[in-house]
Amino acid sequence: MWPTTIPAAIALQEELRSKIVVADDFGTVTRVAGVDVGFEDEGTTARAAVVVLSFPELRPLDYALVRAPTPFPYVPGLLSFREIPVVLDALAQLAQPPDLLICDGQGIAHPRRLGIASHLGLLVDIPAIGCAKSLLIGHHPSLPATKGSQVRLPIAANTSVSC
DNA sequence: GCGACAG
DNA sequence: ATCTTGTCGC
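Numbering (my numbering), first residue to last: 222 to 384.
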């Protein structure tokens, strides 16, 4: 069953965090999937879109678009409970299952090390990368001023939190 | 107590 | 995330 309350969701994260395996090697990747979720009807409907590309060619191989009732409110730190259910439905419809997932949200750079990418990857047992557009917690060193600069930052920098 | 807070 | 208007860059 899926958590319905904030305490239950946090408890589940605490339970799952130990299962996370941090890796810099994703093994042999043949198909990579881009995953994202949008909302309709004032947030009451969740819409998942998954596209599978060949790797490294990046040719579209498959995709799925699924809508379902939104199961959980947006709570910073608990995004996965709002977006994952409909994503699971979409992933189940793929004829070409991916070897790697790239999600719009945090991975282990999360208060309890379980951002949506980590959570989803754990549930479907597929390596996942969190590709968030902004920071949820922590800090990082100042970045190069030039767009496209190659930098190597600590994973989930300064994640000292008291949540 | 106050501010911050993925999408 | 979504909505909506104005502005910017190619």
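Glycine included, each C-beta is placed from N, C-alpha and C at the ideal position.
Computed from a predicted model, the values in this text were never measured in an experiment.
N-terminal and C-terminal residue of the alpha helix (DSSP H) that residue i is part of
i: F247; result: First-last for F247: undefined, no H or E at that position.
i: P306; result: 300-313
i: E236; result: 227-237
Sequence-distant residues of its chain with Cβ nearer than 7 Å to residue i (five each side left out)
i: T266; result: F260, R288, P290, T291
Between the CA atoms of residue j and residue i - distance to the nearest angstrom
i: L309; j: R373; result: 32 Å
i: A244; j: R333; result: 17 Å
i: T280; j: S339; result: It is Arg, not Thr, that sits at residue 280 in the sequence shown. Answer to the nearest angstrom: the Cα atoms are 25 Å apart.
i: W268; j: A349; result: With the sequence shown as reference, residue 268 is identified as Arg, and Trp is not the correct amino acid for it. When rounded, the distance between both Cα atoms is 20 Å.
i: G369; j: M222; result: 43 Å
i: P224; j: A254; result: 26 Å
i: A270; j: V256; result: 6 Å
i: V250; j: Q317; result: 13 Å
i: P228; j: E278; result: 43 Å
i: L174; j: D325; result: Nothing can be reported for residue 174: it is not among the residues displayed for the chain, which extend from 222 to 384.
i: F276; j: H360; result: 32 Å
i: D320; j: G336; result: 19 Å
Residue i: first and last residue of the uninterrupted beta strand (DSSP E) it sits in
i: A270; result: 266-275
i: L321; result: 321-324
i: A338; result: From DSSP, A338 is part of no beta strand (DSSP E) but of the alpha helix (DSSP H) over 337-345.
Contact test: residue i Cβ vs the ligand ATP heavy atom, cutoff 6 Å
i: L321; result: In terms of ligand content, the structure shown is empty, and the ligand ATP therefore cannot be addressed.
Assigned exposure category for residue i - 16 Cβ within 10 Å defines buried
i: L356; result: exposed
i: A285; result: buried
i: V242; result: exposed
- Message: Assess contact between the segment 226-237 and the segment 291-302, defined as three or more Cβ pairs (one per stretch) separated by less than 8 Å. Is contact present?
- Response: yes
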